[in-house]
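Only one structure is covered here, and it is reproduced in the block below.
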Amino acid sequence: MHLRRLKIFLAIGYQSLKYRLINRQYVAKPVSVNPVASHHELSHRSKFLLVHYVHQFNDAACSVATVATVLNAIMDMNHGNSHHTISQKEILNTVRVVDWKERIMPSGRGTKRGLPLKELGIAVENTLKTYKISFEKISVTHLDHKDLDWPVERETLLNRLTAFEQSDNQYMIAHFNQGIFLKGLHLPHISPVGAFKVNTKEVLVLDVDKDGPGPYWVPFDVFFKGLSNDFNGKLADYGYTGGGYVQFQLNLPPK
Numbered sequence: 002m003h004l005r006r007l008k009i010f011l012a013i014g015y016q017s018l019k020y021r022l023i024n025r026q027y028v029a030k031p032v033s034v035n036p037v038a039s040h041h042e043l044s045h046r047s048k049f050l051l052v053h054y055v056h057q058f059n060d061a062a063c064s065v066a067t068v069a070t071v072l073n074a075i076m077d078m079n080h081g082n083s084h085h086t087i088s089q090k091e092i093l094n095t096v097r098v099v100d101w102k103e104r105i106m107p108s109g110r111g112t113k114r115g116l117p118l119k120e121l122g123i124a125v126e127n128t129l130k131t132y133k134i135s136f137e138k139i140s141v142t143h144l145d146h147k148d149l150d151w152p153v154e155r156e157t158l159l160n161r162l163t164a165f166e167q168s169d170n171q172y173m174i175a176h177f178n179q180g181i182f183l184k185g186l187h188l189p190h191i192s193p194v195g196a197f198k199v200n201t202k203e204v205l206v207l208d209v210d211k212d213g214p215g216p217y218w219v220p221f222d223v224f225f226k227g228l229s230n231d232f233n234g235k236l237a238d239y240g241y242t243g244g245g246y247v248q249f250q251l252n253l254p255p256k
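Just so we're aligned: the sequence shown equals residues 2 to 256 in our numbering.
What follows is the structure, given as structure tokens:
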């Protein structure tokens, strides 16, 4: 088992290095986490997401850091100072689904570590229900099937990002190959989408990686590539056959 894991890790390392040599440009454009500094280009919702943006507390906790960022932004935006800041550990101890707490611990849950997209959708939905956030049906879009109509999926995501930017009641969470956006290993990662520039087609990724550069802008084409990458099948046995995104809309009037 250990030898097999070593082979997978080496294959991921080779894949990451090869991609970096072919794509030498550093595609991510860092942005200040101070919402005031970017106020001319950020929506009301995006500013609240930046205010409550947090880093993951360990290497596998990107899912709960993402959910904490989104949840606290929603609570603050709609309830103001009447609520306490909800920590990542509180969420894990309260929302007991998909072995969430166990899967993000250093030892994982058997061979399972972190949350694939399906489990992420379940965790997000149950978090909203637990904290009594009224929402419309959650949409979980998988971009991991070889037979997908890719031009249609690309256009659908572009349209959804545009709608997301035009409504403060919509939220989107990306499940992607982080090595497509940053100079690093090609590994699954989860982060909130902070904003979308409709005119330049750039996506603000609120990357929760504790060792990363923080939030950054990436071109839409690169964003779609990161969400639809399948890691060359190397991580399929661990539940990661590709990425996608989770999107939902609150049952609240726009601010």
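All C-beta atoms, glycine included, are put in the ideal place defined by N, C-alpha and C.
Residues near residue i by beta carbon distance below 7 Å, same chain, minus five either side
| i | result |
| --- | --- |
| residue 242 | 145 and 231 |
| residue 139 | 122, 125, 126, 247 and 249 |
| residue 22 | At residue 22 the pLDDT is 49, less than 50, meaning the model places this residue with poor confidence; the figure from the coordinates comes in the next sentence. Result list for residue 22: empty, nothing under 7 Å. |
| residue 344 | Nothing in the structure corresponds to residue 344, since the chain is present only between 2 and 256. |
Start and end residues, beta strand (DSSP E) containing residue i
| i | result |
| --- | --- |
| residue 173 | 171–178 |
| residue 244 | 244–250 |
| residue 203 | 203–206 |
| residue 195 | 189–198 |
| residue 229 | That residue, residue 229, is in no beta strand (DSSP E); its alpha helix (DSSP H) goes 221–229. |
| residue 269 | The question about residue 269 has no answer here: the residues shown for the chain are numbered 2 through 256. |
| residue 135 | Taken as a continuous stretch (DSSP letters only), residue 135 belongs to no beta strand (DSSP E), as it is neither H nor E. |
| residue 143 | 140–144 |
Proximity of residue i and residue j at Cβ, strictly below 7 Å
| i | j | result |
| --- | --- | --- |
| residue 190 | residue 177 | yes |
| residue 217 | residue 199 | no |
| residue 193 | residue 70 | yes |
| residue 53 | residue 74 | yes |
| residue 156 | residue 197 | no |
| residue 175 | residue 105 | no |
| residue 135 | residue 252 | yes |
| residue 96 | residue 131 | yes |
| residue 227 | residue 143 | no |
| residue 224 | residue 204 | yes |
| residue 103 | residue 110 | yes |
| residue 66 | residue 209 | yes |
Residue interval of the alpha helix (DSSP H) (run including residue i)
| i | result |
| --- | --- |
| residue 69 | 63–80 |
| residue 152 | 151–167 |
| residue 86 | Counting along the chain, residue 86 falls outside any alpha helix (DSSP H), and DSSP gives it neither H nor E. |
Closest residue to residue i among the options (Cα-Cα distance)
| i | options | result |
| --- | --- | --- |
| residue 115 | 87, 157 and 240 | 240 |
| residue 64 | 235, 93 and 212 | 93 |
| residue 68 | 195, 180 and 212 | 195 |
| residue 160 | 209, 228, 235 and 202 | 202 |
| residue 170 | 79, 51, 147 and 43 | 79 |
| residue 59 | 235, 212, 49 and 222 | 212 |
| residue 90 | 84, 101 and 45 | 101 |
For residue i, the three-state DSSP class (helix, strand or coil)
| i | result |
| --- | --- |
| residue 58 | coil |
| residue 130 | helix |
| residue 45 | helix |
| residue 104 | helix |
| residue 22 | Only weak support exists for where residue 22 lies, its pLDDT of 49 falling under 50; the coordinates are left without a value. |
| residue 257 | Residue 257 is absent from the structure shown; the chain starts at 2 and stops at 256. |
| residue 119 | helix |
| residue 239 | helix |
| residue 185 | coil |
Residue i Cβ short of 6 Å to the ligand GDP heavy atom set
| i | result |
| --- | --- |
| residue 169 | Among the ligands in the structure shown, none appear at all, so the ligand GDP cannot be discussed. |
Own chain residues within Cβ distance below 6 Å of residue i, not counting five before or after
| i | result |
| --- | --- |
| residue 237 | none |
Beta-carbon proximity list for residue i, same chain, < 8 Å, skipping 5 on both sides
| i | result |
| --- | --- |
| residue 87 | 69, 72, 73, 76 and 132 |
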